[in-house]
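Undergrad: For the sequence shown, the working numbering begins at 15 and goes up steadily by one. Cβ atoms here follow ideal geometry from the backbone N, Cα and C, with glycine treated the same way. These figures come from a predicted structure and were not determined experimentally.
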Amino acid sequence: MKRARIIGTGSYLPEKVLSNTDLEKMVDTNDEWILSRTGIKERRIAADDETTSTLATKAAQRALEMAGVTPDQIDLLIVATITGDFPWPSTACLVQDQIGAKNAAAWDVSAACSGFVYALSSASKFLETGAATRALVIGAEVLSRIIDWEDRNTCILFGDGAGAVVLEAHEGESGILSSHLHADGADWKLLYQPGFGSRHPASISGIEERLPYLKMEGNEVFKIAVRSMYDVAIEALTANGLTSRDVHLLFPHQANKRILEAVRKRLELRPEQLYSMVERCGNTSGASIPLALDEANRNGQIKEGDIVVFDAFGGGFTWGAIPVRW
Ligand code: UT7
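1) Determine, using beta carbons only, whether residue 293 and residue 279 come nearer to each other than 8 Å.
2) With three or more C-beta pairs closer than 8 Å as the rule, is the region 40 to 58 touching the region 324 to 335?
3) Would you say the region 196 to 208 touches the region 73 to 83, given that touching needs at least three Cβ pairs under 8 Å?
4) Measuring CB atoms only, is the region 234 to 245 touching the region 309 to 321, in the sense that at least three cross pairs come out at less than 8 Å?
5) In whole angstroms, what is the alpha-carbon distance linking residue 203 and residue 230?
6) How is the alpha helix (DSSP H) around residue 301 delimited, first residue to last?
7) Which whole-angstrom value describes the C-beta separation of residue 179 and residue 23, a residue pair presumed to lie in contact below a C-beta threshold of 8 Å?
8) Roughly how many angstroms separate the alpha carbons of residue 428 and residue 187, rounded to a whole number?
9) Per the DSSP calculation, residue 266 is bridged to which residue(s)?
10) Looking at residue 230 and the ligand UT7, is the gap between the Cβ and the nearest heavy atom below 7 Å?
11) Return helix, strand or coil for residue 256, following the three-state DSSP convention.
12) Tell me the residue span of the beta strand (DSSP E) that contains residue 88.
13) Is any heavy atom in the ligand UT7 found nearer than 7 Å to the beta carbon of residue 160?
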């Protein structure tokens, strides 16, 4: 069977930095609380003229350049996002146009913070079965536009950014080894954006009730996230006859330093086996794993044959893990 292997990575972070000290001037919080509860020091915020598709396009172009692939050689383009430029058309179609990937089918995946893992899994199946040969998978978010900047429980956590990978089908040992996806819609209310969809269509009263903004029961989400990310990482390793000792780098969804540490300890990974940039970017939802992957890749921290594992949890709830032989 063919495998989908990653032949290029790219990312983009907006220039504007929002520090914990900046947040102290906006809501009743402080650097010490944010750092001790989340490990986050700063996050990036998109400029007024930037949107999810423009961030995604920059990350995609960098990934294509590394891969040595031209946009017209891409036949599949998937964007994982919950903050698309529009409810529709998809952000993937906008990116397809902006990069000139005229031969690519394009669509978005909505799986919140697990979006990149869901999108990567979907793309890999097309490549493994021969339905596509080269794919671009992007995680991109401008969460700053759906954050309630008056809610200290959530506004300190999130940031904007985009990450991308180019995948190619090949015969060989390297590439995506398997993918393990799960969902449980029963707890959707613990993390969601109430407005404006078909349940709460656009209305002035909805704005007054702050419906267009993200809502989260952080404490509950925290516990379920740790358990689910641990369980699915073990499931993914076991399915491939691997153990924690075989993992070169774990790329967990970068939600909160305490979540990452809890997962790492349960998996009995050494600190250097976990890749974290949450302190510099906060939680960038679907963008967090490809952002971290690109940073590690460009720093030369992954070499041929290494096992890396993507491990995500997010709204829905959705969760999933993908082990990759580099
Ligand atoms: O992307 C995947 C989904 N998201 C996540 O994975 C996030 C999961 N959850 C979390 O990261 C954490 O639950 C938070 C960081 C959101 C909150 O940390 P916590 O340790 O669970 O705090 P808490 O919600 O239990 O709040 C503790 C106290 C509360 O005060 P009282 O009720 O004890 O007086 C909060 O009102 O801290 C208060 N608080 C704050 N204080 C200062 C909440 N937010 C803030 C703040 N600054 N920004």
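TA: So, to answer that:
1) Result no, Cβ atoms of residue 293 and residue 279 do not sit closer than 8 Å.
2) Judged by Cβ distances under 8 Å, the region 324 to 335 makes no contact with the region 40 to 58, as fewer than three pairs qualify.
3) Segments in contact, no.
4) A contact between stretches requires three or more CB pairs, one per stretch, nearer than 8 Å, and the region 234 to 245 fails this requirement with the region 309 to 321.
5) For residue 203 and residue 230, the gap between their C-alpha atoms comes out near 8 Å.
6) Boundaries for residue 301: no alpha helix (DSSP H) harbours it, and the DSSP string shows neither H nor E there.
7) The pair is a contact, with the Cβ atoms about 5 Å apart (cut-off 8 Å).
8) This structure gives no information on residue 428, because the portion of the chain shown stretches from 15 to 340.
9) According to DSSP, residue 266 shares a beta bridge with 325.
10) True, at least one ligand heavy atom lies under 7 Å from that Cβ.
11) Note: residue 256 maps to coil in three-state DSSP.
12) Boundaries cannot be given for residue 88, as no beta strand (DSSP E) includes it and DSSP labels it neither H nor E.
13) No, Cβ of residue 160 sits at least 7 Å from all heavy atoms of the ligand UT7.
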